[in-house]
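Before any comments, here is the structure.
2 protein chains.
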Amino acid sequence: MSKPKHITIVGAGLVGSLLAVYLNRRGYKVSVFEKRADMRKSNVSAGRSINLALAQRGIHALEQAGLMNDVLPLLIPMKGRMLHEIGSQPEFFPYGQREHEVIYSVSRGGLNNMMMTAAESNSDTEFFFEHELVDVDLKNDHLKFVDLGVGKERSVSFDFLIGADGGGSQVRSELMEACGGKCSAEMLDHDYKELEIPADKDGGFLIDKNSLHIWPRGGFMLIALPNLDGSFTVTLFMPTRGETSFEQISKNNVASFFEEVFPSAAKLMPELETDFCLNPTGDLGTIRCYPWVHDNAMILGDAAHAIVPFHGQGMNCGFEDCAKLDRLLNEFDDDWTRAADEFQKTRKPNADAIADMALENYVIMRDSVSDDLFQKKKVLGFELERRFPRRFIPRYSMVMFHDIPYHDAIQRGLIQDEIMSGLLKGKDDPLDVDYEAAETLIVEKLSELTFAF
Amino acid sequence: MSKPKHITIVGAGLVGSLLAVYLNRRGYKVSVFEKRADMRKSNVSAGRSINLALAQRGIHALEQAGLMNDVLPLLIPMKGRMLHEIGSQPEFFPYGQREHEVIYSVSRGGLNNMMMTAAESNSDTEFFFEHELVDVDLKNDHLKFVDLGVGKERSVSFDFLIGADGGGSQVRSELMEACGGKCSAEMLDHDYKELEIPADKDGGFLIDKNSLHIWPRGGFMLIALPNLDGSFTVTLFMPTRGETSFEQISKNNVASFFEEVFPSAAKLMPELETDFCLNPTGDLGTIRCYPWVHDNAMILGDAAHAIVPFHGQGMNCGFEDCAKLDRLLNEFDDDWTRAADEFQKTRKPNADAIADMALENYVIMRDSVSDDLFQKKKVLGFELERRFPRRFIPRYSMVMFHDIPYHDAIQRGLIQDEIMSGLLKGKDDPLDVDYEAAETLIVEKLSELTFAF
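So the protein lines, in turn, are chains A and B. Here the first sequence is numbered in this note's numbering, starting from 1 and rising by one per residue. Here the second sequence is numbered in this note's numbering, starting from 1001 and rising by one per residue.
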């Protein structure tokens, strides 16, 4: 069974849907099972408008799947962070230094629906909604679902099974159990809640459209990403318990809390109290597990490596999984046993690396973005990249604007940071450093690392 | 020599540069020779800002080359035509009916520079600027250039030669001569001149940013496409000779001519007289030739099939050439003899079809867009597409928003037009037609045609 003809995917989320498109293109018959109802048929506009940041890895995977024409109308460029400190004017910090070094706000629902429709346009692909997975028999290649629409059980056998069923993956649980794999879920002691800044009366944007807005407050923060309709999806990240925490804030005091700590945002959120009350509080965590493959089954995306959202890489990493798997299937002539094994071996260190960087970025976002040394390193990092192109690339840029493996980015990032710390010692002006010494260090310490563009 | 290792491209324009990127990715060593100087080093901003309309075929080719991340910041969506009739308010007519059915204004220079840089980032690719081709020896696989920088001749031998040297292709002339091929240049008796509507003081757009503006005046017309800096590139298309023609309009009377026939545009063009005087008048024509391949040489893009610009497909068609050639090289395992031969055979009828449609579209743009029957067919066409998806697609949409071969689009378009003419006979309301009869006709007359999505 190393060359199956029919692939069964559990989960029609972002990664499952994109994978279906890739497998269509390879000529497979594809069945996708999804617990929820078809979002395209329910009135999604009434619900919350979640958005995500699309960056190079995600764009690359979408273009290799031929989907960019459909993606284009959904994108809003975000050119940098707009920092809102209390008592001062918002200040803008660009993400990159080249024209294309921006990230894109995109609606999760809009993107997911588009990809499902693209996948379905292939007559060899079928989606089964409201199918809840209740049993996985990896020995006999058999699945059991409950069809929630009719309330009946349904048995399905599979040639090859892919679990793209997200952070709470059922396929992962069964796969770990079958092969004695290890799985850890490291929950953050911070939660999040989505809120909204609506559009103005004319559908215009109340704050800068082309920025990712951050109100950093040390131990907690508020962020806002633009939506096509002129509104912003706002997310509050805050400790679960403690002094300033979700435990302490309720409908009664949320308005006064916001007026005190996020005054500039508070006045743009007329529905704050209602939103705070009605919208669920979500938790955040990192899933690490291995192996990802057993017999004729594998997991990918969040199911294999859920990460916290602070680097905006969850979707991008999941999309990159799809593109990598596709490339390995090319390389191994559609021998799934070999492709899946090579996938887990090469992808696992990179998944671990982005998980670490995402956790680290929470501290950066809620705190360091307004830190002096952090800003000096940003300025110097861009200058070093300008002077020594392709030899020095700021770590944020390696992650967001390049396809450099995450693991290489984290390794190079550490060395680069050390080099910059040394150069900046005792300097007030971050551009007034010894560039000859910089070059020597860059050549000496970085050139041995592979730099796979 | 069916599997060359080194490909020589003449012409570093849009098609030559994209082709270089594709061939990089296939692992070839690529040399690109270009007559002009490197646009990236001269001050292009001082020159004219030409823009083009990027549509599905071009987007698809760019995404398959992995360039969309770099293209994204250059795009301005144009959702439809804004018609400016004398004495009435501008009226908007959408190009398509789905969110992604828009076209994108893009700067020719910006796109070309980006692709050259992308191609050059591969160390196996080299560009030679200011190299004018003076001799092609197809028997001995030899080229002679004059290096305009140093004023010396330079001889170059090639493994395989590709002429992407545009409408006035030198490679084409030599190829036709060597193999006794046929070539016709059908010049239009209309010329064009580029003008400008500048941005307002704050860099804003003086007319709607997301439209392609047309001032249709029967035998001639003015169009305007948006630029990223808030300006519009305006093009006047007009007969070369005759009553209202370039022969009759000069610096002395251009202002009064514009005030009379394009009053709403005239008041937005403070530099009209200067621009009219200084900018060159360009001619327009269609090149048809065959074969495109001889020995170890071939031509593609405008060199093989220059067309008039009225369907906005010249660049899109040339980019599609690159994607098709790449796909054929896949199919024939990089056997260039077989791939090139299959390329010319399958591509020629499609190039002829878009040449015809582009000519036809001049009449539509300058005249029929404001015609009643044309507008009724537009409305009915969208409705038939909505009711019979994937079986009826308006011809404009087939060309701009799909990858359906041009030749199929022209054939289906003729039948669809006939069907709509019949349905609309004696009807005032274009939606009040017999849809059962429509379905019968669509099934009967269209289903036999291959519909390669």
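Beta carbons: idealized from backbone N, C-alpha and C, even for Gly.
Under the Cβ distance rule, Asp70 (chain A) counts among the residues neighbouring chain B, one pair being separated by less than 9 Å. At least one beta carbon of chain A lies nearer than 9 Å to the beta carbon of Tyr1104 (chain B). In this structure, the CA atom of His213 (chain A) is about 24 Å from the CA atom of Gly1203 (chain B). DSSP, read as helix, strand or coil, puts Asp1135 (chain B) in strand. DSSP, read as helix, strand or coil, puts Ile299 (chain A) in strand. Between the alpha carbons of Val293 (chain A) and Leu325 (chain A) lies a gap of roughly 13 Å. Contact with chain B is absent for Ile404 (chain A), since none of that chain's Cβ atoms lies less than 9 Å from the residue's Cβ. Inter-residue distance for Phe128 (chain A) and Gly109 (chain A) is about 18 Å (C-alpha atoms, whole angstroms). The three-state reading of DSSP puts Arg1390 (chain B) in coil, since its state is none of H, G, I, E or B.
Within the region 1264-1316 of chain B, the complete alpha helix (DSSP H) runs of at least 4 residues fall at 1272-1278 and 1302-1305. If you look at Gly1080 (chain B), you'll find it in the beta strand (DSSP E) that goes Gly1080 to Leu1083.
Ser1211 (chain B) and Tyr1095 (chain B) have their C-alpha atoms spaced approximately 10 Å apart. Taking a Cβ-Cβ threshold of 8 Å, the residues of chain B close to Gly66 (chain A) are His1060, Glu1063 and Gln1064, in chain order.
Beyond the five residues adjoining it in sequence on each side, His407 (chain A) comes within less than 8 Å, by CB distance, of Pro349, Asn350, Asp352 and Ala353 in the same chain, given in chain order.
Taking a Cβ-Cβ threshold of 9 Å, none of the residues of chain A is close to Pro1216 (chain B); the smallest such distance is about 27 Å. For Gln1056 (chain B), the chain A residues whose Cβ falls inside 9 Å of its Cβ are Asn69, in order along the chain. Around the beta-carbon of Ser1017 (chain B), 16 or more other beta-carbon atoms lie within 10 Å, marking it buried. Secondary structure of Tyr1192 (chain B) (DSSP, three-state): strand. With 16 or more neighbouring CB atoms inside 10 Å of its own CB, Met1082 (chain B) falls in the buried class. Within chain A, the residues placing a beta-carbon under 9 Å from that of His1100 (chain B) are Asn69, Asp70, Val71, Leu72, Pro73, Leu74 and Met114, ordered along the chain. Residue-level contact by beta carbon fails for Phe392 (chain A) and chain B, as no gap is shorter than 9 Å. One Cα belongs to Leu1359 (chain B), the other to Val1308 (chain B), and the distance between them is close to 6 Å.
Per the DSSP secondary-structure output, Lys182 (chain A) pairs in a beta bridge with A:Tyr290. Counting every other CB atom within 10 Å of its CB across the protein chains shown gives Cys1289 (chain B) a total of 16 or more, marking it as buried. Here Ala1053 (chain B) carries a strand assignment [DSSP, helix/strand/coil]. Within a 10 Å sphere around the beta-carbon of Arg387 (chain A) sit fewer than 16 other beta-carbons, which makes this residue exposed.
A Cβ-Cβ distance of about 6 Å is found for the pair Met1365 (chain B) and Met1221 (chain B), placing them in contact under the 8 Å criterion. Burial is judged here by how many other beta carbons sit within 10 angstroms of a residue's own beta carbon; Lys1003 (chain B) has fewer than 16 and is exposed. Judged by DSSP secondary structure, Tyr1362 (chain B) falls outside any beta strand (DSSP E) and instead within the alpha helix (DSSP H) spanning Trp1336 to Arg1366.
Annotated as distal: Met315 (chain A) and Gly163 (chain A), with beta-carbon spacing of 9 Å or more. Counting C-beta pairs closer than 8 Å gives three or more between the region 1025-1043 of chain B and the region 1004-1016 of chain B, which meets the contact rule. Relative to Glu1174 (chain B), the option among B:Pro1198, B:Asp1137 and B:Glu1436 whose CA is nearest is B:Asp1137.
At the C-beta level, Lys378 (chain A) and Ile419 (chain A) stay beyond 9 Å of one another. Taking one beta carbon from each stretch, the region 49-57 of chain A and the region 97-106 of chain A have 3 or more pairs nearer than 8 Å; the two touch. As a beta-bridge residue in DSSP terms, Glu1126 (chain B) pairs with B:Ser1031.
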